[in-house]
Amino acid sequence: MTADTDSGLELSELAADRALLGRTSTAERVAGILRERIAQGFFLPGVRLSEERIGNALGVSRNTLREAFRLLTHERLLVHRLNKGAFVRVLSAADIADIYRVRNLVECAAVRGLEDPPYPLEQVAGAVADGERAAERNEWNDCGTANIHFHQALAGLAGSERTDDLMRGVLAELRLAFHVMDDPRRFYEPYLSRNREILTTLEDGDAEGAERMLGFYLEDSRRQVIEAYPEQRG
Numbered sequence: 001m002t003a004d005t006d007s008g009l010e011l012s013e014l015a016a017d018r019a020l021l022g023r024t025s026t027a028e029r030v031a032g033i034l035r036e037r038i039a040q041g042f043f044l045p046g047v048r049l050s051e052e053r054i055g056n057a058l059g060v061s062r063n064t065l066r067e068a069f070r071l072l073t074h075e076r077l078l079v080h081r082l083n084k085g086a087f088v089r090v091l092s093a094a095d096i097a098d099i100y101r102v103r104n105l106v107e108c109a110a111v112r113g114l115e116d117p118p119y120p121l122e123q124v125a126g127a128v129a130d131g132e133r134a135a136e137r138n139e140w141n142d143c144g145t146a147n148i149h150f151h152q153a154l155a156g157l158a159g160s161e162r163t164d165d166l167m168r169g170v171l172a173e174l175r176l177a178f179h180v181m182d183d184p185r186r187f188y189e190p191y192l193s194r195n196r197e198i199l200t201t202l203e204d205g206d207a208e209g210a211e212r213m214l215g216f217y218l219e220d221s222r223r224q225v226i227e228a229y230p231e232q233r234g
């Protein structure tokens, strides 16, 4: 399920991200773009990231790109192999279990900490709608991206920039695990209605009920991913 290089990837979409860098491009901004692309499934686990091709696509120097790679390595999204370069990380089952522990702590706490309704649910609702539209188009990779955005929005209910930063990295890392699922539709489709149900419960002002649903949801997802993970098939 791994690849040796990104040479087969079409980087025209990444080149379009060049405009996001503006005149004051920094390693942090480059890392942010690559992090989002990893979360979208653009770079697969095991893929080697070509400094030359990605640097040319984004129009940044090799030093800037290397610093971005270092930042993403620190976030556990990339690994550096001596004399070989930077590769998208391949997660272990232990990594998956730890990621779900963090998700449970952060997402459930964000919902639990809500005060009096109505809650600021625009981003949550937008992610739910995006997922449903992607499913109607039979575009399951886009559905997975919308699902990631749904959980990012739930964590965002905490109103904390630090929590947002944490969850961006955690959810991008989680997306690497989702690539083990043999049938994306079978994996994502049941969660569409559960996302909608959590949203509706929050719209009704029932944060306690939504937190309870979310706890069961995360446990079901954790079990499903762990059972599908290659090293568990032994």
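Residue numbers for the sequence shown follow UniProt numbering, so the first one is 1 and each next one is one higher.
All C-beta atoms in this analysis are idealised placements derived from N, C-alpha and C, irrespective of residue type, glycine included.
The model shown is predicted, which means the values in this text are computed figures rather than measured ones.
Rank Gly205, Thr73, Asp182 by C-alpha distance to the C-alpha of asparagine 141 and give the top, closest one.
As a working mapping, residue 141 is identified with position 141 in the sequence shown. Comparing Cα positions, the closest option is Asp182.
Alpha carbon to alpha carbon, how far is asparagine 195 from glycine 46? Give it in angstroms, no decimals.
Start at 1 with the first residue of the sequence shown, and residue 46 comes out as number 46. Start at 1 with the first residue of the sequence shown, and residue 195 comes out as number 195. So the two alpha carbons sit approximately 30 Å from each other.
Please identify the residue among Arg81, Val102, Cys108, Leu174 whose C-alpha is closest to the C-alpha of glutamate 36.
Translated into positions along the sequence shown, residue 36 becomes position 36. Nearest of Arg81, Val102, Cys108, Leu174 to glutamate 36, Cα basis: Leu174.
Is it buried or exposed, alanine 97, if we count other Cβ atoms within 10 angstroms and call 16 or more buried?
Start at 1 with the first residue of the sequence shown, and residue 97 comes out as number 97. Exposed: under 16 other Cβ atoms inside 10 Å.
At a cut of 8 Å, does the stretch 207-217 reach the stretch 101-112 through at least three beta carbon pairs?
yes
Closest by C-alpha distance to alanine 86, when choosing among Ser12, Ala93, Thr73:
Stepping through the sequence shown from its first residue, residue 86 is reached at position 86. Among Ser12, Ala93, Thr73, the Cα nearest to that of alanine 86 is on Thr73.
In the DSSP assignment, what residue or residues form a beta bridge with leucine 49?
Counting from 1 along the sequence shown, the entry for residue 49 is found at position 49. Beta-bridge pairing links leucine 49 to Ala86.
Please state whether the Cβ-Cβ distance between glycine 159 and tyrosine 188 is less than 7 Å.
Residue numbering aside, residue 159 sits at position 159 when the sequence shown is read from its first letter. Residue numbering aside, residue 188 sits at position 188 when the sequence shown is read from its first letter. No, Cβ-Cβ distance for glycine 159 and tyrosine 188 is not below 7 Å.
Reduced DSSP secondary structure (H/G/I, E/B, other) of valine 170:
The residue given as residue 170 occupies position 170 in the sequence shown. Reduced to three states, the DSSP call for valine 170 is helix.
Do you know whose CA, among Gly59, Phe42, Leu34, lies nearest arginine 18's CA?
As a first step, residue 18 must be located in the sequence shown, where it is residue number 18. The option with the nearest alpha carbon to arginine 18 is Gly59.
Since I believe glycine 156 is in contact with aspartate 164 (beta carbons under 8 Å), could you give me their beta-carbon distance rounded to a whole number of angstroms?
Counting from one through the sequence shown, the residue named residue 164 turns up at place 164. Counting from one through the sequence shown, the residue named residue 156 turns up at place 156. Confirmed, Cβ separation roughly 6 Å.
Under 7 Å between C-beta atoms of histidine 149 and alanine 129:
Locating residue 149 in the sequence shown gives position 149, where the first residue counts as 1. Locating residue 129 in the sequence shown gives position 129, where the first residue counts as 1. Result no, Cβ atoms of histidine 149 and alanine 129 do not sit closer than 7 Å.
Integer Cβ distance of alanine 135 from leucine 192, believed to fall under 8 Å
Taking the sequence shown and counting its residues from 1, the one referred to as residue 135 is at position 135. Taking the sequence shown and counting its residues from 1, the one referred to as residue 192 is at position 192. Yes, alanine 135 and leucine 192 are in contact; Cβ-Cβ is about 6 Å, under 8 Å.
Unbroken stretches of the alpha helix (DSSP H), 4 residues or longer, contained in the stretch 71-158:
93-112, 122-136, 140-156
Taking C-beta to C-beta, are arginine 76 and leucine 218 nearer than 7 Å?
Along the sequence shown, read from residue 1 onward, the residue named residue 76 stands at position 76. Along the sequence shown, read from residue 1 onward, the residue named residue 218 stands at position 218. Taking 7 Å as the Cβ cut-off, arginine 76 and leucine 218 do not qualify as a contacting pair.
Going along the chain, which residues of its own chain have a beta-carbon closer than 8 Å to the beta-carbon of histidine 179, five neighbours each way excluded?
Locating residue 179 in the sequence shown gives position 179, counting from the first residue. Excluding sequence neighbours, histidine 179 sits near Met1, Gly41, Leu44, Pro45.
Return the first residue and the last residue of the alpha helix (DSSP H) that phenylalanine 43 is part of.
On the sequence shown, position 43 is the one that residue 43 refers to. Phenylalanine 43 -> no alpha helix (DSSP H), and no H or E assigned at all.
Using 10 angstroms around the beta-carbon of histidine 151, count the other beta-carbons present and answer buried if the total reaches 16, otherwise exposed.
Translated into the one-based positions of the sequence shown, residue 151 becomes position 151. Histidine 151 should be labelled buried.
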